[in-house]
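Contents: one structure, followed by commentary.
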């Protein structure tokens, strides 16, 4: 990919400081002075994974001149835990002055969202795992006012949506009606549950101007039910708690890089499908800078770097986020992702499918489908054909999320 010289110069300057100041990176060679050679230098560096970030945290990620205790006392930073699966969870030095601007700047890559943010009276609602950190924790029974921060209302109070009662759903639906958010940020699995609750009650919620889906992989069933319940444009916002927002979907369905705040390297995976792993180097970040960090996800790269939205970019465009790399399978030299399995299920079930959730664990495909008892067997046959091994389909009433509150599509 052909980044500009000014981009490579900035990457060189920032990584030079990382190598000099951050203990975790001190064994890396200094980047070359020539911006045109930084890409080859960066490609030779070993990726950093979650294991490396955990080792020696937080001291190994604090710059030599920084005082973490003082910064925490003055509330410049706080420590948060990411919401990954148990094995993937991390502690993060959360820097408010970096996170909020880079998130909003990423959202503004979408012209519709930028216009909405610019108008007075913007209100946003968030539906995901309960927000905990910096002295707040939206778990338990709290008023809407207690779950509101700077014009943002956090709906959820439970770490496991399979335990949502009718009363919980009705509270959130009523708060949605009263608050009437202009923008919504949601975990797609959680929003799909609320969408089904609204449809079952014939409740028409005030439509937001946009919905951003983030936190976990969006399946076709989730998008289908969200689309039925909400008359709103739905976009993917892709990032990670430890790395920031990396890509934002535009009005024409392509994900654009948030390149003022991160440099992304894409490492191709086996097979012909334009699949790649995501390695990120953060930019403009004083605390916990990341150098060639492996996010752990697989993405599908767009065929062209041009987009009908007209947004110019140095970096790559993405077609979609395919899921966790640890949930992928290699079949005959080709990488099969969770969303490729999802595609196969829905192709077999057809346009009238009523499947709501699925999870592949070992040789069993668990399916939640309250309306079609035969769909589990059909879905298992389709997934088995893709993976080239026999699978057994089992219809279940519910699938529980991981301890983090996220759902996992593929388990060992």
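Numbering (the working numbering), first residue to last: 1182 to 1593. A virtual CB, placed ideally from N, CA and C, is assigned to each residue, including glycine.
- Proximity to residue 1275 [Cα-Cα], best of 1259, 1300 and 1290: Measuring from the Cα of residue 1275, the nearest candidate turns out to be 1259.
- Task: Would you tell me roughly how many angstroms separate the C-alpha atoms of residue 1357 and residue 1311, rounded to the nearest one?
- Result: Between residue 1357 and residue 1311, the C-alpha separation is close to 16 Å.
- Item | Contacting residues, own chain, Cβ-Cβ under 7 Å from residue 1291 (five flanking each side not counted) | 1416, 1429, 1430, 1431 and 1432
- Given 8 Å, three or more beta-carbon pairs between the region 1221–1234 and the region 1460–1475: yes
- Distance, Cα to Cα, residue 1223 vs residue 1263? Going from the Cα of residue 1223 to the Cα of residue 1263 covers about 26 Å.
- Closer than 8 Å to chain D by CB, residue 1324: In the structure shown, chain D cannot be found, because there is only a single protein chain.
- Task: List the DSSP bridge partners of residue 1457.
- Result: Partner(s): 1449 and 1480.
- Query: How is residue 1438 classed by DSSP in three states: helix, strand or coil?
  - Reply: strand
- Using three-state DSSP, classify residue 1203 as helix, strand or coil. coil
- List in chain order: all unbroken beta strand (DSSP E) runs of 3+ residues lying wholly within the region 1502–1548. 1510–1512, 1515–1517 and 1538–1542
- Query: Is the region 1290–1307 close to the region 1357–1371, with three or more CB pairs under 8 Å?
  - Reply: yes
- Message: In whole angstroms, give me the CA-to-CA distance for residue 1559 and residue 1578.
- Response: Approximately 17 Å between the Cα atoms of the pair.
- Message: Rounded to whole angstroms, what is the Cα-Cα separation between residue 1208 and residue 1425?
- Response: 25 Å
- What three-state label does DSSP hand residue 1428 in the structure shown? strand
- Going by DSSP, name the residue or residues bridged to residue 1574. 1546
- Item | Secondary structure of residue 1220, DSSP reduced to three states | helix
- Same chain, Cβ closer than 8 Å to residue 1332, five either side skipped, listed in chain order: 1303, 1304 and 1305
- Are the CB atoms of residue 1555 and residue 1343 nearer to each other than 8 Å? no
- Task: Could you have a look at residue 1400 and say whether DSSP puts it in helix, strand or coil?
- Result: coil
- Query: Looking at the unbroken beta strand (DSSP E) that takes in residue 1238, where does it start and where does it end?
  - Reply: Note, residue 1238: premise wrong, no beta strand (DSSP E); not H, not E.
- For the region 1266–1302, which segments carrying the beta strand (DSSP E) assignment without a break, of at least 3 residues, lie completely within its bounds, in sequence order? 1272–1276
- Which one or two residues does DSSP pair with residue 1474 in a beta bridge? Bridge partners of residue 1474: 1229 and 1461.
- Residue from 1498, 1565, 1367 and 1490 with nearest C-alpha to residue 1334: Among 1498, 1565, 1367 and 1490, the Cα nearest to that of residue 1334 is on 1367.
- Item | Simplified DSSP state of residue 1371, which is helix, strand or coil | helix
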